[in-house]
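First up is the structure itself, then whatever we jot down about it.
Next comes the structure, spelled out in structure tokens:
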């Protein structure tokens, strides 16, 4: 007889061999918990493991990795039958861990694993883009997206989130805005955007608070556009004194439509999506996720 409901842990292969992770799993097993461990190797593994978890009747599926792994597991869960859908748990093992950090997941893996398995579950929103992709944290476009997608893996492994900032400084030659039009509920804007953040969560790119007021359970998306004709001064003011910047435009809506005269790229929790037209819709209460009781992103 099981002492506690069964958990299936899906680990990104890059972080599966951490000694502290093995120790945390061992401790939970010693306390009587049953954990099934699965390690991803290629695209599609996470979705297949979610299906396996449902067949096993597990109560919780833990996503162990960075924002991309959490996205992949959350997307798979959202596309399954709600009546049989397990709860999502989060174990931060990535480079930046933007979503896990912003929702208050402990950095200590033993505490994070315990929360992911037995913490209180809250209903949270998920966001769909062009009916083909999802994000749980944030979609970013513009210069910031080019930096995060181009930052070398070795630099990220060595320096973590600060690697994005360093790589950005080295690529100032690529600093140019994207012409686009953005529409939402009671919102319309057209112009040159240096960077765009559409947040279910609050931060991206290794800790940059792009949407500092966003909540993950309010049925709304927070939008922040960074503009500026003199781009370098605008960027520096935005980073150092955002409350004083004339180059910030904010909006909020349950959906946004974005169009551009040329192809642009949005980064969805680390995964790039290219196009000229984007339709972004929030799905309220799409998932149940184990979160700390003082999670700052709950309304």
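Residue numbers (UniProt numbering): 1 to 299.
Virtual Cβ for every residue (Gly too), placed ideally from N, Cα, C.
As the structure is a computational prediction, the values presented were derived from the model and not from experiment.
Own chain partners of residue i with C-beta closer than 6 Å, once the 5 adjacent residues on each side are dropped
i: residue 203; result: 98, 102, 209
i: residue 185; result: 253
i: residue 119; result: 290
i: residue 6; result: 34, 58
i: residue 284; result: 125, 219
i: residue 64; result: 9, 11, 91, 93
i: residue 144; result: Because the pLDDT of residue 144 is 49, which lies under 50, any placement of that residue in the model is unreliable, and the number read from its coordinates should be weighed accordingly. Counting only Cβ-Cβ distances below 6 Å, and skipping sequence neighbours, we find 195, 205.
i: residue 100; result: 90, 92
Residue i: first and last residue of the uninterrupted alpha helix (DSSP H) it sits in
i: residue 27; result: 19 to 30
i: residue 48; result: 45 to 56
i: residue 73; result: 67 to 78
i: residue 98; result: 98 to 102
7 Å Cβ cutoff met for residue i and residue j
i: residue 123; j: residue 216; result: no
i: residue 37; j: residue 9; result: yes
i: residue 270; j: residue 196; result: no
i: residue 25; j: residue 71; result: no
i: residue 46; j: residue 76; result: yes
i: residue 39; j: residue 13; result: yes
i: residue 264; j: residue 249; result: no
i: residue 221; j: residue 198; result: yes
i: residue 74; j: residue 287; result: yes
For residue i: DSSP bridge partner residues
i: residue 134; result: 128
i: residue 39; result: 11
i: residue 122; result: 289
i: residue 277; result: 259
Start and end residues, beta strand (DSSP E) containing residue i
i: residue 222; result: 221 to 227
i: residue 253; result: 248 to 253
For residue j and residue i, believed in contact at Cβ under 8 Å, the rounded distance
i: residue 278; j: residue 183; result: So it is not a contact: roughly 11 Å between Cβ atoms.
i: residue 280; j: residue 139; result: 7 Å
i: residue 61; j: residue 82; result: Actually they do not touch by this definition, with Cβ atoms about 14 Å apart.
i: residue 104; j: residue 272; result: Residue 104 to residue 272, Cβ: 28 Å. No contact.
Neighbourhood of residue i by C-beta distance below 8 Å, restricted to the same chain and skipping five residues each side
i: residue 27; result: 110
i: residue 80; result: 50, 51, 54
Cβ shell of residue i (< 7 Å), same chain only, five flanking positions each side left out
i: residue 179; result: 192, 260, 261
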